[in-house]
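There are 4 protein chains.
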Amino acid sequence: MMGKSRLEAFSDGVLAIIITIMVLEMKVPPGPEFSTLVPLLPVFLSYVLSFVYIGIYWNNHHHMLHTLAHVNGRILWANLHLLFWLSLFPLATGWMGQNHFAQGPTALYGGVLLMAAIAYGLLQRAIIVSQGRDSLLARAVGGDLKGKLSPVLYAVAILATFVAAWLAQALYVLVALLWLVPDRRIERLLAQP
Amino acid sequence: MMGKSRLEAFSDGVLAIIITIMVLEMKVPPGPEFSTLVPLLPVFLSYVLSFVYIGIYWNNHHHMLHTLAHVNGRILWANLHLLFWLSLFPLATGWMGQNHFAQGPTALYGGVLLMAAIAYGLLQRAIIVSQGRDSLLARAVGGDLKGKLSPVLYAVAILATFVAAWLAQALYVLVALLWLVPDRRIERLLAQP
Amino acid sequence: MMGKSRLEAFSDGVLAIIITIMVLEMKVPPGPEFSTLVPLLPVFLSYVLSFVYIGIYWNNHHHMLHTLAHVNGRILWANLHLLFWLSLFPLATGWMGQNHFAQGPTALYGGVLLMAAIAYGLLQRAIIVSQGRDSLLARAVGGDLKGKLSPVLYAVAILATFVAAWLAQALYVLVALLWLVPDRRIERLLAQP
Amino acid sequence: MMGKSRLEAFSDGVLAIIITIMVLEMKVPPGPEFSTLVPLLPVFLSYVLSFVYIGIYWNNHHHMLHTLAHVNGRILWANLHLLFWLSLFPLATGWMGQNHFAQGPTALYGGVLLMAAIAYGLLQRAIIVSQGRDSLLARAVGGDLKGKLSPVLYAVAILATFVAAWLAQALYVLVALLWLVPDRRIERLLAQP
């Protein structure tokens, strides 16, 4: 049993790097005219979406680990597993942006979102198991509708790319909006005496 | 309500990465002669300016969060919003430097400065709201002349690029000099018994 | 004699960056078709292997330093020496992946694994020396079979590349699996009263 | 007056990134043969030298800040000034390595070393001023022979590049060896009752 401070520090480091190196996919345009920025626009939009997603993960990770006192091996690896999928964001983001939100890259982006959501769920379960079914986190997430709905919506979005890529993108934005409010369930419980 | 340590750690990480990856825009020159360094000079100068700006933001962020005890969702997102605009510094810096401070890139650089200044103001307001109008920070920033003047000067600078790019650059340097002194107002108040 | 917090923070930072910049070796593919992802597959597989290895090092580093109260110069440098070899992971991983696990790159990858394992052993020894033969860590690692076996297996794997590269790769995966369980010996001892 | 924890965290972050992105200057070689590694050898050697230098700076920074209780604006900026010059290490290292330790790049590398040494001295002075002439650090550094000798040796090395580049490189290695022992003066004083 060990403290969680290094787990948080390491996760913060990885998330900070992921969120920042995504910006490197926006290559400095060759000329000084504003028109050279136009091809960057889809890359910029995909960057904004991914920035928001990493921000959501950081916020929720922040909240979830707040309830955690000790880490064990399973939690350490569940956390690394989550970081692995999040580390693919720069690649998926760059591919989607540089190909103007084409079908294939949009589907791959959804795949990364899906795997990250599953990994987050596994980490949440690992923490609940280590704390007992009666723990603060277990009560806080409760039925965990958002947590269960998100992977389903990502899967639907991936299938939707066969119809139209923009359908999938709209779903990605929708799920992001659903999560933009940080996990107030935990905040609320913590505020109770 | 949660502690601010992870907010600080994450922000420090992102700022440390931004300030460091800007240096990657200065590509290693192809030959061993000093003359191959000459084209790097404008990139170097824009790097120095951006390094100072990120340093200013880190210092003031450091001071502002010092007065903060608890973070809420609004503060978390206001902080991420600030980091988003700061994350565009490497791109804006590289574009301005590689095009020898041409008009368009100089205006875009000003746009990033302007958005970051607005985001900083929003974060400051979010913190003051969470602490109450009577808080340490609220009293410390007072009329906040510098905070209100900076966005105006950036906007003026953007317009000035239509006249001459160097006018805008001079304004960017001027505002940086204004801020180079860290926010002594907070230091002074904290030093009071 | 100084605290270990900055040693941990610096190591976490370096490991977080190493694990994240490896992903930059997977260049965004040029076209939007899934077929353009195929050449990335070996790079992806080598990325997964290296991600797991860095994760193992981080976990075990985490556990080992947990038993440490004070750092001295020897520990500081033994730690930097370990980080040096780990910092070569992105290069070795990229070379192995981009050459489809060819013989030479596979051998070099093993060389980096071997040097990192030796460096980890030296760091462990430096900590035990500083704490005395009777310390918690000394008792926890005991005969340290895994620690002694790993470099041998890496050396065997390097030689095995002369026969077939996949033999070496199988050994790399095997050693990773051996280590995937975090060092429960220390956990167990710490759990004792 | 504020605590030093964020100053340490930010500096650790920047130093961790600098030490790690230098490895990106060693581009993955195009082919799978060991012969393709040969052109990397000078880049590797310059990487080793710079890794050791950043390690020395991190260690000494670690020791120096250990004696520090509070930071003021001057210390914050002296620290950023030091980080600025250290941030040029990847560029100077890459240029020197990729040009096989030619005269010009060797001189520039010395220039970066010289400026970093001066910046370190300024930071040391800022800390001593803030603590008073009688402080722990003031007594610990005493005459500070190494600190005064290093910039002189760097300057000599830069001049020596006009005779032969290897002379300068030998001096860089020599100064690194002088510093490789962490600042035991401070360790010794701290160990006193």
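Chains as they are written, first to last, in our numbering: chain B, 1 to 193; chain W, 1001 to 1193; chain P, 2001 to 2193; chain L, 3001 to 3193.
By construction, the Cβ of each residue, glycine as well, lies at the ideal position given by its N, Cα and C atoms.
All values derive from a computational prediction rather than experimental measurement.
Query: Is there a C-beta anywhere in chain W that falls below 8 Å from the one on L:I3127?; Result: no
Query: Put B:V197 into one of helix, strand or coil per three-state DSSP.; Result: For residue 197 of chain B there is no data in the structure shown, the boundaries of chain B being 1 and 193.
Query: Below 6 Å CB to CB, which residues in the same chain sit around B:H273 once its five sequence neighbours on both sides are set aside?; Result: Any question about residue 273 of chain B goes unanswered here, given that chain B covers just 1 to 193.
Query: Between which residues of its own chain and P:Q2103 is the CB-CB distance below 7 Å, once the five residues before and five after are set aside?; Result: T2161, A2165
Query: Is the shortest distance between the beta-carbon of P:V2014 and the beta-carbons of chain L less than 8 Å?; Result: yes
Query: With distances taken between CB atoms, is the gap from B:T106 to W:V1014 smaller than 8 Å?; Result: no
Query: Using the beta-carbon count (16 or more within 10 Å), is B:F89 buried or exposed?; Result: buried
Query: Just checking my contact of L:A3168 with L:G3094 at CB under 8 Å: how many whole Å lie between their CB atoms?; Result: At roughly 17 Å, the Cβ-Cβ gap does not stay under 8 Å, so L:A3168 and L:G3094 are not in contact.
Query: Nearest to W:F1044 by CA position, among W:Y1057, W:E1033, W:M1064, W:M1022, is which residue?; Result: W:M1022
Query: If we ignore side chains and look at the alpha-carbon of each, how far apart do B:L171 and P:P2032 end up?; Result: 20 Å
Query: If you draw a straight line from the alpha carbon of W:E1025 to that of B:D144, how long is it in whole angstroms?; Result: 44 Å
Query: Excluding five sequence neighbours on each side, which residues of the same chain lie with their C-beta closer than 7 Å to the C-beta of P:I2017?; Result: none
Query: Return helix, strand or coil for B:V28, following the three-state DSSP convention.; Result: coil
Query: If you check the beta carbons only, do P:F2084 and L:D3012 fall under 8 Å apart?; Result: no
Query: Short of 8 Å Cβ to Cβ, which residues in the segment 3020-3046 of chain L face chain P?; Result: T3020, I3021, V3023, L3024, M3026, V3028, P3029, G3031, P3032, E3033, F3034, L3037
Query: Chain L partners of W:W1058, CB-CB under 9 Å?; Result: R3006, F3010, L3076, L3080
Query: I believe B:W82 touches B:Y120 by the beta-carbon criterion, under 8 Å. Please report the beta-carbon distance rounded to the nearest angstrom.; Result: Position check: residue 82 of chain B holds Leu in this sequence, whereas Trp was assumed. That pair is a contact at about 6 Å.
Query: With B:T106 as the anchor, note down where its alpha helix (DSSP H) starts and where it stops.; Result: 103-131
Query: Can you give the beta carbon distance from W:A1176 to W:I1056, rounded, assuming they're within the 8 Å contact cut?; Result: 7 Å
Query: Indicate the three-state DSSP secondary structure (helix, strand or coil) for P:V2048 in the structure shown.; Result: helix
Query: Just the C-alpha distance for P:I2075 and P:K2146, rounded to the nearest angstrom, thanks.; Result: 22 Å
Query: Select from the segment 90-116 of chain B all residues with a C-beta closer than 7 Å to any C-beta belonging to chain W, and list them in chain order.; Result: none
Query: Do the CB positions of P:R2006 and L:E3008 come within less than 8 Å of each other?; Result: yes
Query: When you compare only the Cα positions, how much space is there between B:L86 and L:L3159?; Result: 49 Å
Query: Show which residues of chain P have a CB atom less than 7 Å away from the CB atom of L:G3055.; Result: L2080
Query: Assuming P:G2097 contacts P:Y2047 (C-beta within less than 8 Å), just tell me the rounded distance between them.; Result: 7 Å
Query: So that I know if they touch, is there some Cβ in chain P lying closer than 8 Å to that of L:H3070?; Result: no
Query: Looking at the secondary structure, which residues open and close the alpha helix (DSSP H) in which B:M96 lies?; Result: 89-98
Query: Out of L:V3163, L:G3132, L:M3115, which has the shortest C-alpha to C-alpha gap to L:P3151?; Result: L:M3115
Query: For P:L2037, which residues of its own chain have a beta-carbon under 8 Å away from its beta-carbon, when the five flanking residues on both sides are left out?; Result: P2029
Query: Since P:S2050 meets chain L, which of its residues come closer than 7 Å, beta carbon to beta carbon?; Result: Correct list: empty, because the minimum Cβ distance to chain L is about 13 Å.
Query: Under a three-way DSSP split, which group does B:V71 fall into?; Result: strand
Query: Can you tell me whether DSSP reads L:E3033 as helix, strand or coil?; Result: coil
Query: Kindly list, in the order they appear in chain B, the residues whose Cβ is closer than 9 Å to that of P:F2017.; Result: Here residue 2017 of chain P is Ile; the residue named in the question, Phe, does not match the sequence. Within chain B, the residues near P:I2017 are G13, V14, I17.
Query: Can you pull the chain W neighbours of L:L3088, defined as C-beta to C-beta under 8 Å?; Result: V1023
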